[in-house]
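Below is one structure; the comments refer to it alone.
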Amino acid sequence: MNTMTAQPVAAPPVPRKVAASLSEAKHLSFWAENAAPVGLIVLVVVFSVLSPTFLTVGNITAMLVAAAILVVLAVAQSFVITTGGIDLSISATMTIGAVGLGLAYQAGLPFWPSAIIAILASTVIGVINGLLIAKGKVTDFIATLGTLGVATGAALILTDGKPIAVTSTELLRLTTGKLGFVPYPFVLAAIVGAVAWFVMFRTRYGLHVQAVGGSEEAAVANGVKAPRVRIAVYVWAAALAGLASLLLVARIGAAEPAINTNYLLNSIAAVVLGGVSLTGGRAKIVGPILGALLLTALSNGLTLLAVSQFYQPLAVGLVVVLAALLTRFQKR
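Read in order, the letters of the sequence shown correspond to residues 27 to 358 in the working numbering.
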């Protein structure tokens, strides 16, 4: 009686078209992961060739000062977006902080107590956002859009629509001081980034933030208190917006009640460029910081080349749309 030994069946070869598609997806994933650093390097090379003043010490210092505010806001937005949310009120929250600083200083308080009031005023907006979203079950888009309107109106009402001058030695030191060749505003932004990185990747809270963004149901099943995490990220983002308000007032020398929507759009843009998934669950801190530097370098370079400011938002928008398309190919 003959017996037949079963032979292992070889796996069918991967079709060429499928292999090509997988290879293309890997390449696109690489660009999605590294859009900010690669884009920043390209911009530096291009603008340094086209403008002899781009890489001068004075211009680099000016870019770092300008980037500091956006770096802080991008870090703040990163925590929110990692949970799958978004904070449309972040620029208005920063403005409320600036107004709080201006009113407190105008009332006779020293600078640092006024600065604390600024951060607390901004934090209140974050508490409201967090409660509306986590407890009230209002969508993040609607909740933060609503507080955007409230904060905008409150800033204009409290100041009668007029800027409040803030002049102090502490503010001047923050504006002009340097640690080596690095201006104080960017030193502060770098410290914020370092602390945020530690919190996100080296603490239980940071792991919970990522878990909630990845799958809230799975996170809750594993004991994560998702509502608390969501409230905390909006409070954290608002507090950082309050800190950014100090840099904003230091830069312009006054508490300006008008809302600068560019900071809102660019904070989201920096996060997207930094490789953070808008669907949540994918955390990055260094990426959004590089994204903020990229956007600042883009704006600065176009200004040096005498490109009209009307075209600058168009350039930023195109960069962001491209980055958003690339995020579809990010590895989960």
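The beta-carbon is built from N, C-alpha and C at its ideal position, and this holds for glycine as well.
- Counting along the chain, residue 60 sits inside no alpha helix (DSSP H), nor does DSSP assign it H or E at all.
- One Cα belongs to residue 125, the other to residue 173, and the distance between them is close to 16 Å.
- Considering only 120, 157, 165 and 312, the residue with the shortest C-alpha distance to residue 110 is 165.
- Looking at 337, 316 and 336, the one whose alpha-carbon comes closest to that of residue 59 is 316.
- Annotation for residue 97: 215, 315 and 318 place their beta carbon closer than 6 Å to its own, counting only its chain and skipping 5 residues before and after.
- Secondary structure of residue 133 (DSSP, three-state): coil.
- For residue 248, no alpha helix (DSSP H) encloses it, and the DSSP letter there is neither H nor E.
- Residue 289 has its alpha-carbon roughly 23 Å from the corresponding atom of residue 67.
- Out of 73, 323 and 281, the CA that lies nearest to the CA of residue 296 is found in 323.
- For residue 111, there is no enclosing alpha helix (DSSP H), as DSSP marks it with neither H nor E.
- Across the structure, residue 259 and residue 226 are spaced so that their CA atoms are roughly 11 Å apart.
- Taking C-beta atoms as the reference points, residue 270 and residue 102 count as a pair closer than 9 Å.
- In chain order, 237 place their CB closer than 8 Å to the CB of residue 244, counting only its own chain and leaving out the 5 sequence neighbours on each side.
- For residue 257 against residue 331, the beta-carbon gap comes to about 45 Å, at or over 8 Å, which does not count as contact.
- In the same chain as residue 70, and ignoring 5 residues on each side of it, the C-beta atoms closer than 7 Å to its own belong to 323, in chain order.
- Comparing alpha carbon positions, the residue from 274, 255, 239 and 167 closest to residue 303 is 239.
- For residue 198, the enclosing alpha helix (DSSP H) begins and ends at 195 to 202.
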